[in-house]
């Protein structure tokens, strides 16, 4: 297939595909799907080999968010029955992080709901970062706290943060239909602040909110322009009690095409399969590892994920290996640019034709995206299966999924 050969050649050279080529990936047929995965896999292996980076979410503050992000269970007015609590103490957060690190996580993502941190919040998170790094040598820490004010990214970096996550989530053209309490430009500004402070920028998207193919391509091209080092790809979990509760628009095949498109547009960055992978990829998760090189381990912010051990078994069974703490995730040209940025305290030189910043998965206002990984091991759970009615291959399977909340009616502790 000429399209895929062209995309592989461009990906190996870090050359930007045309918009028409990116749209064509999303329009491929099911008969072509394995060819698409194989082509994206060639680009993935060129830059990341067969390594899979594990990330672990620690929810520092849950619920009660003043922002109105339609996808989020923590949003203003949400009726979702989730855990709600104020800030964890540094030692509590450090203990939660240690569970993820023990399971093989290389990066700990500290997430807090809210529009953005106060200066006191930044100081509090700084102490938490210090506590985590004292107990876990070599661990990376990414903060995801919402919209940043001037100087806050620099203070987080001084406290030891390695990265900052703030997702664009969707295209600029459709953003106002998803969130009204802040703007797309606010999100872009926060990613740029993180970059300018020498933090690894992590910014991604949420698929499945009713967007068009053009919207998906728009947001991924915007992420490349922002030069994110990692791009988390979330698949909407339609949470009961939120405006998008009935948006079941994704199939495993659709998710694989979206991941492949992201890989072709952002060939040399950490592409992370984030919230919703168990719900929407289901048995096709191992196939997705041929495209993405990073996942969250265990549970998400307000919903259960796959058991941590099941994640580790899946990686091994698919012929991949967990990335060790002593291995640099990013390709040398990106790692060198990030190191230079850290040394100067500025954003440094952008890798030519690279895609850019670090991944995490946080919404600007709500502090959570679709839902992000956060628990591990025995706390994880599987979506409950149900009977399977006759269907077509392109039909979304709502019957397979009973979203398992980490919240009211469960005995799960915060950050279990």
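In the numbering used here, the protein residues as written are 1 to 416.
C-beta: ideal position from N, C-alpha, C; glycine also.
Item	Value
Three or more C-beta pairs below 8 Å linking the stretch 162-171 and the stretch 211-230	yes
Three CB pairs or more closer than 8 Å across the stretch 84-103 and the stretch 251-267	no
Helix, strand or coil at residue 61 according to DSSP, with G and I counted as helix	strand
Validate contact between the stretch 303-316 and the stretch 324-335 using beta carbons, cut 8 Å, 3 pairs	no
Residue 228 vs residue 294 beta-carbon contact at 9 Å	no
Cβ contact check for the stretch 144-153 and the stretch 109-122: 3 or more pairs under 8 Å	yes
Among 241, 237, 298, 25, the one whose alpha carbon lies nearest that of residue 249	237
Identity of the residues DSSP links to residue 132 by a beta bridge	None, per the DSSP bridge assignment.
Candidates 240, 286, 77, 200: closest to residue 319 by CA position	286
7 Å Cβ shell around residue 48 - same chain, five flanking residues per side excluded	293
Presumed contact (8 Å Cβ cut-off) between residue 104 and residue 83, rounded CB distance	Contact flag wrong, Cβ pair sits at about 25 Å.
Limits of the unbroken alpha helix (DSSP H) element including residue 202	Here residue 202 belongs to no alpha helix (DSSP H); instead the beta strand (DSSP E) covers 200-202.
Supposed contact pair residue 259 and residue 288 - C-beta distance, whole angstroms, cut 8 Å	6 Å
Buried/exposed call for residue 278, threshold 16 Cβ in 10 Å	buried
Bounding residues of the beta strand (DSSP E) (the contiguous stretch that carries residue 110)	107-112
6 Å CB neighbourhood of residue 123 in its chain, flanking five on each side removed	none
Check whether residue 125 and residue 133 have beta carbons under 9 Å apart	no
Span of the beta strand (DSSP E) around residue 141	140-144
Every unbroken alpha helix (DSSP H) within the stretch 247-311, with a cutoff of 4 residues, ordered by chain	252-265, 277-280, 285-288
Sub-9 Å separation of residue 165 and residue 111 beta-carbons	yes
Residues of its chain near residue 243, where Cβ-Cβ distance is below 7 Å and the 5 sequence neighbours each way are ignored	70
Own chain residues within Cβ distance below 8 Å of residue 247, not counting five before or after	208, 209, 210, 236, 238
C-alpha distance - residue 101 paired with residue 89, whole-angstrom precision	18 Å
Residue span of the alpha helix (DSSP H) that contains residue 94, given as start and end	90-102
Closest residue to residue 232 among 1, 203, 162, 245 (Cα-Cα distance)	203
Assigned exposure category for residue 276 - 16 Cβ within 10 Å defines buried	buried
Selected residue, minimal CA-CA separation from residue 179, among 58, 66, 323	66
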